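Novice:
There are 2 protein chains.
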Amino acid sequence: MQEQPTRPAVSRSRQNYLKALLQLGGAAVPVSALARRLGVSAPSVTNMLARLAEERLVELGPRGAASLTASGERAAALVLRRHRLLETFLARVLELDWSEVHEEAEELEHHVSERVMDAIERSVGHPTEDPHGHPIPDRHGRLPRRALAPLAALPEGSRARVCEVRGGEDPARLTRWKRSGLVPGAEVRMLEANSDEGVFTLEIGGRRVVSGREGLEGVMIERRPRGKA
Amino acid sequence: MQEQPTRPAVSRSRQNYLKALLQLGGAAVPVSALARRLGVSAPSVTNMLARLAEERLVELGPRGAASLTASGERAAALVLRRHRLLETFLARVLELDWSEVHEEAEELEHHVSERVMDAIERSVGHPTEDPHGHPIPDRHGRLPRRALAPLAALPEGSRARVCEVRGGEDPARLTRWKRSGLVPGAEVRMLEANSDEGVFTLEIGGRRVVSGREGLEGVMIERRPRGKA
DNA sequence: CGGCGACGTTAGCTGTAACTAATATTGGAT
DNA sequence: ATCCAATATTAGTTACAGCTAACGTCGCCG
Numbered sequence: 136m137q138e139q140p141t142r143p144a145v146s147r148s149r150q151n152y153l154k155a156l157l158q159l160g161g162a163a164v165p166v167s168a169l170a171r172r173l174g175v176s177a178p179s180v181t182n183m184l185a186r187l188a189e190e191r192l193v194e195l196g197p198r199g200a201a202s203l204t205a206s207g208e209r210a211a212a213l214v215l216r217r218h219r220l221l222e223t224f225l226a227r228v229l230e231l232d233w234s235e236v237h238e239e240a241e242e243l244e245h246h247v248s249e250r251v252m253d254a255i256e257r258s259v260g261h262p263t264e265d266p267h268g269h270p271i272p273d274r275h276g277r278l279p280r281r282a283l284a285p286l287a288a289l290p291e292g293s294r295a296r297v298c299e300v301r302g303g304e305d306p307a308r309l310t311r312w313k314r315s316g317l318v319p320g321a322e323v324r325m326l327e328a329n330s331d332e333g334v335f336t337l338e339i340g341g342r343r344v345v346s347g348r349e350g351l352e353g354v355m356i357e358r359r360p361r362g363k364a
Numbered sequence: 136m137q138e139q140p141t142r143p144a145v146s147r148s149r150q151n152y153l154k155a156l157l158q159l160g161g162a163a164v165p166v167s168a169l170a171r172r173l174g175v176s177a178p179s180v181t182n183m184l185a186r187l188a189e190e191r192l193v194e195l196g197p198r199g200a201a202s203l204t205a206s207g208e209r210a211a212a213l214v215l216r217r218h219r220l221l222e223t224f225l226a227r228v229l230e231l232d233w234s235e236v237h238e239e240a241e242e243l244e245h246h247v248s249e250r251v252m253d254a255i256e257r258s259v260g261h262p263t264e265d266p267h268g269h270p271i272p273d274r275h276g277r278l279p280r281r282a283l284a285p286l287a288a289l290p291e292g293s294r295a296r297v298c299e300v301r302g303g304e305d306p307a308r309l310t311r312w313k314r315s316g317l318v319p320g321a322e323v324r325m326l327e328a329n330s331d332e333g334v335f336t337l338e339i340g341g342r343r344v345v346s347g348r349e350g351l352e353g354v355m356i357e358r359r360p361r362g363k364a
């Protein structure tokens, strides 16, 4: 063992694998899915999974299906926590556009010390959600599970509140959503839902917005119980 | 060539070598000095210097003496710039203690994007000095040269203003200086300078402080022209 | 002027984490 | 039942940047 900058317990690469596993469901994730997500080759994944398995962070099933162990899941959630705290910080304190914060956090999450993370968290007042509405895991790696529905599933005439927008990796998409008012917290009403053709007409903040199904994919709502307008 | 995260023009390690070269005077730096400073072995240095020479960032003289080229010096100053901006940011915005900011910046300087650096610089109002009083190079890599004198050289009875405290790598030392009021901007008067025995008595902000020569090493002053007690 | 010690270099390894090419496995369609 | 295509694995390589051990080259001291 040679040691240069105090090798971290979980290397940068490992952190990315764990995070990807968690976001891919955490259980029975195929090698190919991981490879696609991380943009690496399948052999690289097989290799890394073997190492992670050795370290008891994942468990390997048949046909390469990987599942996070309890400690792997915790580690993954802690990476997610840093990521989301950083996004919040970048948006609120440094005033970056919400379409930019994802890629910046993607890099920083691996390099910011505990000490600085604590200061960052203080500076944004211990938020529970990031700018895209994703819940922020607590410092023990507990990630609140929420049951949300896709906006496209909202019945005609119903109201709902946008809770979370997924797919923050694509800045252009976020920019489009922001322009039409599709941000967490926005109140929307489904005016017309043509599910067959995939065309939806919504009222967002008093404005009519028409969108295709792909344009809405990832926008998640919490159904308003009292909302049968 | 394999490329994972868009290999930076100048790798982390290179940046550290360049910065160390600049701080070691930038010209005719012996291998051994670099090795000591960076905490690596001599062969590692020889190796890296060869690569840097190939990239025209340094020039190699006889007996391994390394000198920065113009572009190497610029690159080094830009690393220093990031470092000092980060220190300022960490101290002023995240309110870390000035004894902690150095080591945090040491890591972050390699991983913060241009975009975020710009936002950071804005958030601290484009400072020209870091918390330890070091000048911050401009965005073209120009580093103002200042002629400062060590505090220990101040004649008895003279006044001066502390300009810069060097040696910020050692948090304990910074903490001691801060306790005795030796921070950039402090007004001091040399009450008694026993240079032979290396004992100095100073007046700092109305308080008498006695210190040995080592305890003052790195505290730099700008002589007050009108300051003959 | 011979040799010692400091300094530097060469050679060869280590570890991480990627890659390609070739091979094995496996599940579904014929 | 067989074969194909998708999926996963094995084997071998690459790049970076560190390491140790061994060797070379000065300069100076005696």
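The listed protein sequences derive, respectively, from chains A and B. Per the numbering used here, the first sequence starts with residue 136, numbered consecutively. Per the numbering used here, the second sequence starts with residue 136, numbered consecutively. Heads up, the beta-carbon is just placed ideally off N, CA and C, and yes, glycines get one too. Keep in mind that this is a model prediction, so the values were computed, not measured.
(1) Counting only Cβ-Cβ distances shorter than 8 Å, please list the residues of the stretch 231-254 of chain B near chain A, keeping chain order.
(2) Could you have a look at P140 of chain B and say whether DSSP puts it in helix, strand or coil?
(3) Assign V345 of chain A to one of two classes, buried (16 or more other C-beta atoms within 10 Å of its C-beta) or exposed (fewer than that).
(4) Is there a Cβ of chain B sitting closer than 9 Å to that of V228 of chain A, yes or no?
(5) Does S258 of chain B get closer than 9 Å to chain A when you measure Cβ to Cβ?
(6) If we ignore side chains and look at the alpha-carbon of each, how far apart do R348 of chain B and S146 of chain A end up?
(7) Given E238 of chain A, which residues of its chain have a CB within under 8 Å of its CB, disregarding the five upstream and five downstream residues?
(8) Examine the Cβ distances between the stretch 204-217 of chain B and the stretch 262-278 of chain B and report whether three or more of them are shorter than 8 Å.
(9) Taking only three categories from DSSP, how would you classify V164 of chain B?
(10) Have a look at N151 of chain A and A240 of chain B and give me their C-alpha separation to the nearest angstrom.
(11) On the DSSP bridge list, what partners appear for T310 of chain A?
(12) With a threshold of 9 Å between beta carbons, is L317 of chain B in contact with chain A?
(13) Nearest to P341 of chain B by CA position, among B:V247, B:P290, B:A321 and B:G350, is which residue?
(14) Quick check on the burial criterion: 16 or more other C-beta atoms within 10 angstroms. Buried or exposed for S234 of chain B?
(15) Let me know if P140 of chain B comes out buried or exposed under the rule of 16 or more other beta-carbons within 10 Å of its beta-carbon.
(16) Going by DSSP in three states, G292 of chain A sits in which element: helix, strand or coil?
(17) Inspect the CB distances between the stretch 160-174 of chain B and the stretch 191-204 of chain B and report whether three or more fall short of 8 Å.
(18) Do C298 of chain B and L283 of chain B come within 9 Å of each other at the CB atom, strictly closer than that value?
(19) Taking only three categories from DSSP, how would you classify V251 of chain A?
(20) Specify, as a first and last residue, the run of the alpha helix (DSSP H) that S179 of chain A falls within.
(21) Out of curiosity, what's the CA-to-CA distance linking L317 of chain A and V300 of chain A?
(22) State yes or no: is the beta carbon of L225 of chain A nearer than 9 Å to at least one beta carbon in chain B?
(23) With burial defined as no fewer than 16 other Cβ atoms inside 10 Å of the residue's Cβ, what is the status of H218 of chain B: buried or exposed?
(24) Give the DSSP-derived three-state secondary structure of G347 of chain A in the structure shown.
(25) By Cβ distance below 8 Å, which residues in the same chain neighbour G161 of chain B in space, the five residues on each side in sequence not counted?
Specialist: Reading from the atomic positions:
(1) L231, E235, E239, E242, L243, H245, H246, V247, S248, R250, V251 and A254
(2) The predicted position of P140 of chain B is uncertain, since its pLDDT is 40 and thus under 50; no value can be drawn from it.
(3) exposed
(4) yes
(5) yes
(6) 43 Å
(7) E304 and P306
(8) yes
(9) strand
(10) 23 Å
(11) Answer is none; T310 of chain A lacks a bridge partner.
(12) no
(13) It is Gly, not Pro, that sits at residue 341 of chain B in the sequence shown. The shortest C-alpha separation from G341 of chain B is found at B:A321.
(14) buried
(15) Confidence is the limiting factor: at P140 of chain B the pLDDT is only 40, short of 50, which leaves the residue's position unreliable and the question unanswerable from this model.
(16) coil
(17) yes
(18) yes
(19) helix
(20) A177 to E189
(21) 8 Å
(22) yes
(23) buried
(24) strand
(25) S202, L203, E208 and A211
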